[in-house]
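Peer 1: So in the numbering used here, the last one in the sequence shown is 106, and the numbering has no gaps at all.
From the three backbone atoms N, C-alpha and C, an ideal C-beta is built for every residue, glycine too.
Computed from a predicted model, the values in this text were never measured in an experiment.
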Amino acid sequence: MLERFKAEDVPCAPILDRWEILEDEQIRENRVVEVHDHPILGRVRQPRPAARFDRTPAKGSALAPFLGADNSAILTEAGYSADDIARLERDGVLHSQAN
């Protein structure tokens with residue numbers, strides 16, 4: 008199908024799966040994917056912000072926290088005591104990377 012489109016000068020490109028995207032020459036040349044070093048996961052690749060501006064370059068985003076990493080901070084802000092949070096963790100109500 009792509010060859011037929013190209014023969015008619017129709018702009019087109021193949022659809023790539025996520026592994027092909029990481030190896031694609033154009034993706035690499037345009038630096039579409041950022042690489043972050045994570046203390047547990049090692050090298051982590053994620054997309055850069057889509058918009059790019061010369062005078063106000065976008066900063067790469069931090070990696071998302073692990074599931075439940077912010078449980079205590081959020082529940083404390085919501086008014087739960089340290090004992091309440093410990094009980095919720097002990098009872099299996101809260102899930103986090105640690106448990």
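If you count every other CB in all the chains shown that lies within 10 Å of the CB of Asn37, and 16 or more means buried, which is it?
Peer 2: Under this definition Asn37 is an exposed residue.
Peer 1: Residue range of the alpha helix (DSSP H) that Phe97 falls in?
Peer 2: Checking the sequence shown, residue 97 turns out to be Arg, not Phe. Ala89 to Arg97 is the span of the alpha helix (DSSP H), which, as asked, contains Arg97.
Peer 1: Beta-carbon within less than 6 Å of Asn106's beta-carbon, same chain only, minus the 5 sequence neighbours each way: which residues are those?
Peer 2: Note that Asn106 scores a pLDDT of 48, beneath 50, so its modelled location is shaky and nothing firm can be said.
Peer 1: Near Ala76, which residues of its chain fall below 7 Å by C-beta distance, leaving aside the five closest residues on each side in sequence?
Peer 2: Within the same chain, Ala76 has close Cβ partners Ser103 and Gln104.
Peer 1: Report yes if the C-beta distance between Val39 and Gln53 is below 8 Å; otherwise report no.
Peer 2: No, Cβ-Cβ distance for Val39 and Gln53 is not below 8 Å.
Peer 1: Identify which residue in Phe60, Trp26, Gln33 and Leu70 has its Cα closest to the Cα of Gly49.
Peer 2: Out of Phe60, Trp26, Gln33 and Leu70, Leu70 has the C-alpha closest to the C-alpha of Gly49.
Peer 1: Can you find the residues in the same chain that come closer than 8 Å, C-beta to C-beta, to Ile6, ignoring five residues on each side of it along the sequence?
Peer 2: In this structure the chain extends from 8 to 106, so residue 6 is not present and cannot be described.
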